[in-house]
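First residue of the sequence shown: 2, per the numbering used here; consecutive thereafter. For every residue, glycine included, the Cβ atom is placed at its ideal position computed from N, Cα and C. Report on one structure; see the data block that follows.
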Amino acid sequence: MRLNVERTRRLALSGLAFLALAAGASQVFAAPTHPVDPTEAGRTIDDAAQAVMREYGVPGMAIAITRDGRQQFYSYGVASRQTQANVSRDTLFEVGSISKTYTATLAAYAEVLGKLSLNDSPARFLPVLQGSAFGKLTLVHLGTHTGGGFPLQVPDAVRNDAQLMDYLKAWTPQYPAGTHRTYANPSIGMLGVVAAKSLGQPFAQAMEKTLFPKLGLTHTYIDVPADALGDYAQGYNKQDAPVRVNPGVLAAEAYGVKTSARDLLRFVEANMDTSGDSAIQRAVARTHVGYYRIGDMTQDLAWEQLAYPVALDALLTANAGTLNSQSHPATALNPPLAPQQAVWINKTGSTNGFGAYVAFVPARKMGIVILANKNYPNEARVRLAYRILEALR
């Protein structure tokens, strides 16, 4: 039986008053919206979360933890400074590049169904790209950022699908495919385009009507429907201005998912329960295959993993901004590394107004989700997750 521990009462940071700072508008920092957990681990989680929120001016944060099938939820602060609505386990956050793991799962699901092979060329589904350098890549290259060097973002001049195809036809790689990892939204974004085409559906429909229900996700969206807008947190940028993600070419495929702590934890649990033979379980397992090694990090299909136990310094290096802003030599694993249990699998995700982190260790049946409505440094997210999971050992 799964035990759900949700803490729901707002607690003051100091005495019985909220700590508010004026920064153009009233801002509540790290006010837990749950009763105090009297355990040492609970106090550690509260203290660690509140310290991060104070340091980086994060209005709201949701943390979800799973251990041996038992779920715990910790909610802090507000989903919107304007409405002062409390964060809860059902508050919707933009998860940025964590979206790539869902996109990879869609591609793996299409492969399990026989609709594509990850060794296919994208030109099989996009004939206009035949004969181009892009058409010579494989879907594995797209899913592992090893296509040869794309820019981090789709160029601003590309504003529609026709212009995207023109751009890809003219694209020239900087490196031979499979030799360097260059983190890029166009790469996995195009994997999503191909996966959806193979299933005969628009991408958003393939995710919302096929993949999410198969994973048991009921509060996860590409396009947030009207009846869920009340749960959608307001994001805040570095200047503390309210922002949300802008639509754009490949935005949905690369960083378009909005989800809650509860639903993202369900996704984490699905990623740790891949022993069955259902199509979706086999698809999830395929996203854990390791294809390339970059330093201590192994690049799976969107996911990134390190051998466990893992030192904090190794995690910080693997999630450093330079790893995603620069190209790095990649060593192909031949044969690819089968899914492992004793690994720390993780992914960061950001939009201008949100910051997220997810990590899990299959061997320990333990995982964590950290969602915030402000983009703050990856290092702080990793440190927070590591501190919490170490406290629960």
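Any idea which residues DSSP pairs residue i with across the strands?
{"i": "residue 66", "result": "73 and 369"}
{"i": "residue 294", "result": "299 and 332"}
{"i": "residue 256", "result": "According to DSSP, which records beta bridges pairwise, residue 256 is partnered with nothing at all."}
{"i": "residue 93", "result": "233"}
{"i": "residue 146", "result": "Paired residues: none, contrary to the question."}
{"i": "residue 182", "result": "329"}
{"i": "residue 374", "result": "None, per the DSSP bridge assignment."}
{"i": "residue 79", "result": "87"}
{"i": "residue 165", "result": "In the DSSP output, where bridge partners are listed per residue, residue 165 has none listed."}
{"i": "residue 61", "result": "78"}
{"i": "residue 212", "result": "Bridge partners of residue 212: none, in fact."}
{"i": "residue 338", "result": "291"}
Residue i lies in the alpha helix (DSSP H); which residues open and close that run?
{"i": "residue 223", "result": "Element bounds for residue 223: n/a, residue is neither H nor E."}
{"i": "residue 281", "result": "280-287"}
{"i": "residue 308", "result": "Careful: residue 308 lies outside any alpha helix (DSSP H), inside the beta strand (DSSP E) at 305-308."}
{"i": "residue 270", "result": "262-273"}
{"i": "residue 111", "result": "100-113"}
{"i": "residue 119", "result": "First-last for residue 119: undefined, no H or E at that position."}
{"i": "residue 43", "result": "41-57"}
{"i": "residue 160", "result": "No alpha helix (DSSP H) contains residue 160, which DSSP labels as neither H nor E."}
{"i": "residue 383", "result": "379-392"}
{"i": "residue 318", "result": "313-319"}
Can you tell me where the beta strand (DSSP E) holding residue i begins and where it ends?
{"i": "residue 352", "result": "344-352"}
{"i": "residue 246", "result": "Per DSSP, residue 246 belongs to no beta strand (DSSP E) and is neither H nor E."}
{"i": "residue 355", "result": "355-362"}
Candidates the options: which alpha carbon is nearest residue i's?
{"i": "residue 364", "options": "171, 310 and 316", "result": "310"}
{"i": "residue 271", "options": "46, 193 and 67", "result": "67"}
{"i": "residue 389", "options": "378, 377 and 371", "result": "371"}
{"i": "residue 360", "options": "379, 339, 353 and 352", "result": "379"}
{"i": "residue 260", "options": "103, 51 and 341", "result": "103"}
{"i": "residue 387", "options": "368, 374, 377 and 375", "result": "368"}
{"i": "residue 343", "options": "299, 126 and 373", "result": "299"}
{"i": "residue 179", "options": "92, 333 and 313", "result": "333"}
{"i": "residue 100", "options": "172, 61, 128 and 204", "result": "204"}
{"i": "residue 312", "options": "280, 345 and 301", "result": "345"}
{"i": "residue 276", "options": "366, 77, 161 and 41", "result": "366"}
{"i": "residue 114", "options": "93, 46, 129 and 199", "result": "199"}
{"i": "residue 221", "options": "253, 158 and 197", "result": "253"}
{"i": "residue 170", "options": "153, 138, 176 and 197", "result": "138"}
{"i": "residue 133", "options": "172, 154, 47 and 46", "result": "172"}
{"i": "residue 269", "options": "249, 40, 316 and 69", "result": "69"}
{"i": "residue 362", "options": "307, 72 and 206", "result": "307"}
{"i": "residue 303", "options": "288, 54, 315 and 314", "result": "288"}
{"i": "residue 377", "options": "43, 41, 54 and 42", "result": "54"}
{"i": "residue 314", "options": "296, 95 and 61", "result": "296"}
{"i": "residue 156", "options": "278, 249, 226 and 62", "result": "249"}
{"i": "residue 176", "options": "78, 393, 328 and 94", "result": "328"}
{"i": "residue 196", "options": "120, 76 and 79", "result": "120"}
Against chain D, does residue i count as a neighbour if the rule is that its beta carbon must be under 8 angstroms from one of theirs?
{"i": "residue 102", "result": "Included in the structure is just one protein chain, with no chain D present."}
Assuming residue i and residue j are in contact, meaning their beta carbons sit under 8 angstroms apart, how far apart are those beta carbons, in whole angstroms?
{"i": "residue 348", "j": "residue 391", "result": "Incorrect: roughly 20 angstroms between the Cβ atoms, too far for contact."}
{"i": "residue 325", "j": "residue 255", "result": "Going by Cβ atoms, the distance from residue 325 to residue 255 rounds to 13 angstroms, so no, they are not a contact pair."}
{"i": "residue 58", "j": "residue 350", "result": "Contact flag wrong, Cβ pair sits at about 19 angstroms."}
{"i": "residue 337", "j": "residue 292", "result": "5 angstroms"}
{"i": "residue 118", "j": "residue 136", "result": "Actually they are not in contact, since the Cβ atoms of residue 118 and residue 136 sit about 15 angstroms apart, beyond 8 angstroms."}
{"i": "residue 382", "j": "residue 356", "result": "6 angstroms"}
{"i": "residue 190", "j": "residue 251", "result": "3 angstroms"}
{"i": "residue 90", "j": "residue 50", "result": "The Cβ separation is near 14 angstroms, so there is no contact."}
{"i": "residue 354", "j": "residue 335", "result": "Going by Cβ atoms, the distance from residue 354 to residue 335 rounds to 41 angstroms, so no, they are not a contact pair."}
{"i": "residue 217", "j": "residue 263", "result": "About 11 angstroms separates the two Cβ atoms, so there is no contact after all."}
{"i": "residue 246", "j": "residue 352", "result": "5 angstroms"}
{"i": "residue 290", "j": "residue 243", "result": "Contact flag wrong, Cβ pair sits at about 40 angstroms."}
Taking 7 angstroms as the cut-off, does the CB of residue i come closer than this to any heavy atom belonging to the ligand MG?
{"i": "residue 159", "result": "Because no ligand of any kind appears in the structure shown, any question about the ligand MG cannot be addressed here."}
Check your understanding: Using 8 angstroms as the Cβ pair cut-off and three pairs as the minimum, do the stretch 205-224 and the stretch 136-147 touch?
Key -> No, because fewer than three Cβ pairs between the stretch 205-224 and the stretch 136-147 fall closer than 8 angstroms, the two stretches do not touch.
Review point. Looking at C-beta atoms only, is the number of pairs between the stretch 76-88 and the stretch 224-237 that lie closer than 8 angstroms three or more?
Key: The stretch 76-88 is in contact with the stretch 224-237.
Exercise for review: Say whether the stretch 274-289 touches the stretch 108-119, bearing in mind that this needs 3 or more beta-carbon pairs closer than 8 angstroms, one atom from each stretch.
Suggested key: Counting C-beta pairs with one atom in each stretch, the stretch 274-289 and the stretch 108-119 have three or more that are closer than 8 angstroms, which means they touch.
Check your understanding: Should the stretch 165-185 be called in touch with the stretch 316-323, which here means at least 3 C-beta pairs below 8 angstroms?
Key -> Contact fails between the stretch 165-185 and the stretch 316-323, because fewer than three Cβ pairs, one in each stretch, are under 8 angstroms apart.
Point to revise | Cβ contact check for the stretch 174-188 and the stretch 149-156: 3 or more pairs under 8 angstroms | key: Flag = yes, the stretch 174-188 and the stretch 149-156 touch.
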